[in-house]
Amino acid sequence: MKWNEYHHAWIVSEFYRLFTAQWRERGTAAFIQAAQTYGEQRGKRMAMRAIADGQPLDFVSYFAYGEYDSTEEFFDVSMWGEPGVVNEQVTRCPWADLFARRGLKECGRIYCREIDRAIVRGFNPELILETVSTQHFEDCCRFYFRDAGMASDALEQADVRGAAAGADPKLPMSYHCAHVFHAYAAAARGVFGADGERVTEEVLAGFAAEYGSKAAEELAERGSGSFETIVSKKEWADGDKTEECV
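Last residue of the sequence shown: 573 in the working numbering, with the numbers rising by one and none dropped.
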């Protein structure tokens with residue numbers, strides 16, 4: 328199958344549903360901790376690529392080295408620069424769609440409050456991202472990436488910097504799904520022990536029922552790896568079996 332944002336959102340929302348159903352406030356705390364870990368690991372990998380290329384860890388590099396390649400038809404996003412800030416506004420998003428469809432808007436509120444700030448923090452904790460609103464309970468998502476020295480053409484500079492690096496940092500959604508599963512499974516095991524491991528098995532069983540047993544097997548296998556260092560698109564693709572999934 329072709330992995331996309333809806334698979335990713337399903338994994339996140341199912342861990343939230345099971346965590347909070349069984350452990351309530353402790354489940355919410357564990358869910359937040361996993362989201363923060365996942366986001367920080369993403370940001371750190373982006374920083375590793377920038378450092379390897381001799382680039383500063385500023386917002387221009389943050390935009391240039393983003394690992395995530397969105398499915399364009401799933402989103403309505405506007406981004407524009409002004410002196411000292413890049414604005415982002417999102418009015419349609421697959422995570423919001425799926426969280427709402429599953430009756431888990433509170434999951435979306437919590438996850439989206441944490442995830443982008445965690446990515447920025449992992450990349451460079453001195454950078455500032457303000458998450459002003461999310462569309463789970465408001466009309467749209469609004470983000471402000473703030474840096475007093477940032478020029479209004481920061482997004483254009485990011486395109487130039489990324490092209491000059493000559494490497495494509497984007498990784499397929501199968502990678503991001505395996506990574507988010509890995510982060511939440513680790514939190515489940517670390518916080519709740521054997522009971523947490525049983526929750527992870529429930530997530531996999533639900534994923535198999537929703538998307539097929541081969542996809543669930545692939546998620547479990549590839550989600551057991553390490554996500555704390557960079558991997559090339561080719562290295563990941565060489566181990567990708569999901570095209571065989573139905």
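Where is the CB? At the ideal position from N, CA and C, for every residue including glycine.
(request) Would you kindly check if the distance between the Cβ of Ile455 and the Cβ of Arg473 is under 8 Å? (result) Indexing the sequence shown from 1 puts residue 473 at position 146. Indexing the sequence shown from 1 puts residue 455 at position 128. Cβ distance < 8 Å, so Arg473 and Ile455 count as in contact.
(message) Can you find the residues in the same chain that come closer than 7 Å, C-beta to C-beta, to Phe426, ignoring five residues on each side of it along the sequence?
(response) As a first step, residue 426 is located in the sequence shown; it is residue number 99 there, counting from the start. Around Phe426: Ala336, Ser340, Lys432, Cys434, Gly435 and His463.
(request) Determine the extent of the alpha helix (DSSP H) in which Arg429 is found, giving its start and end residues. (result) The residue you call residue 429 lines up with position 102 of the sequence shown. Careful: Arg429 lies outside any alpha helix (DSSP H) and carries neither H nor E.
(request) Please classify Trp407: is it buried, with 16 or more other beta-carbons within 10 angstroms of its beta-carbon, or exposed? (result) The sequence position of residue 407 within the sequence shown is 80, counting from 1. By the neighbour-count rule (16 or more Cβ atoms within 10 Å), Trp407 is not buried but exposed.
(request) Under 8 Å by Cβ, that's how I've got Pro410 and Ala478 pegged, so tell me the actual separation to the nearest angstrom. (result) Reading the sequence shown from its first residue, position 83 is the one you call residue 410. Reading the sequence shown from its first residue, position 151 is the one you call residue 478. Yes, they are in contact, since the Cβ atoms of Pro410 and Ala478 sit about 7 Å apart, within 8 Å.
(request) Could you check how far apart the C-beta atoms of Arg448 and Glu367 are, in whole angstroms? I think they sit under 8 Å. (result) Working through the sequence shown from its first residue, we reach residue 448 at position 121. Working through the sequence shown from its first residue, we reach residue 367 at position 40. Confirmed, Cβ separation roughly 6 Å.
(message) Rounded to the nearest angstrom, what separates Phe402 and Arg444 at their Cα positions?
(response) The count along the sequence shown starts at 1 and reaches residue 402 at position 75. The count along the sequence shown starts at 1 and reaches residue 444 at position 117. Distance between the alpha carbons of Phe402 and Arg444: 20 Å.
(message) According to DSSP, is Glu524 part of a helix, a strand, or is it coil?
(response) Numbered from 1 along the sequence shown, position 197 holds the residue referred to as residue 524. It is helical.
(request) Report the three-state DSSP secondary structure of Gln382 (helix, strand or coil). (result) To locate residue 382, count along the sequence shown from 1; it is residue 55. Coil, per DSSP.
(request) Specify the secondary structure class of Thr364 as computed by DSSP and reduced to three states. (result) Within the sequence shown, residue 364 is the residue found at index 37, counting from 1. Three-state DSSP puts Thr364 in a helix.
(message) Suppose contacts are defined by Cβ-Cβ distances below 8 Å. Is Ala514 in contact with Gly550 by that definition?
(response) Within the sequence shown, residue 514 is the residue found at index 187, counting from 1. Within the sequence shown, residue 550 is the residue found at index 223, counting from 1. Their beta carbons are not under 8 Å apart, which means Ala514 does not touch Gly550 by this criterion.
(request) Could you tell me how far apart the beta carbons of Arg369 and Ile557 are, in whole angstroms, since I believe they sit closer than 8 Å? (result) Numbered from its first residue, the sequence shown carries residue 369 at position 42. Numbered from its first residue, the sequence shown carries residue 557 at position 230. Their Cβ separation, rounded to whole angstroms, is 11 Å, which puts Arg369 and Ile557 out of contact at 8 Å.
(request) Report the partner residues of Cys439 according to the DSSP bridge assignment. (result) Reading the sequence shown from its first residue, position 112 is the one you call residue 439. Answer by DSSP bridge pairing: none, since Cys439 is not bridged.
(request) Could you tell me which residues DSSP pairs with Met406 in its beta bridges? (result) Here residue 406 corresponds to residue number 79 of the sequence shown, with the count starting at 1. Glu415, per the DSSP bridge assignment.
(request) On the DSSP bridge assignment, give the partners of Ile313 in chain order. (result) An answer regarding residue 313 cannot be provided, because it is not within the stretch 328 to 573 covered by the chain.
(message) On the DSSP letters alone, give me the boundaries of the alpha helix (DSSP H) that Val487 sits inside.
(response) Counted from its first residue, the sequence shown places residue 487 at position 160. Val487 -> alpha helix (DSSP H) spans Ala481 to Ala492.
(message) On the criterion of 16 or more Cβ atoms from any shown chain inside 10 Å, does Pro452 qualify as buried, or is it exposed?
(response) In the sequence shown, counting from the first residue as 1, residue 452 sits at position 125. Under this definition Pro452 is an exposed residue.
(message) Spatial neighbours of Phe508 within its chain, please: C-beta separation below 7 Å, excluding the five flanking residues on both sides.
(response) Walking along the sequence shown from the start, residue 508 turns up at place 181. Ile338, Leu546 and Gly550, listed in sequence order.
(request) Please name the residue in Ala492, Phe386, Ala490 and Tyr333 whose C-alpha comes closest to that of Glu400. (result) In the sequence shown, residue 400 corresponds to position 73, counting from 1. Nearest C-alpha to Glu400: Tyr333.
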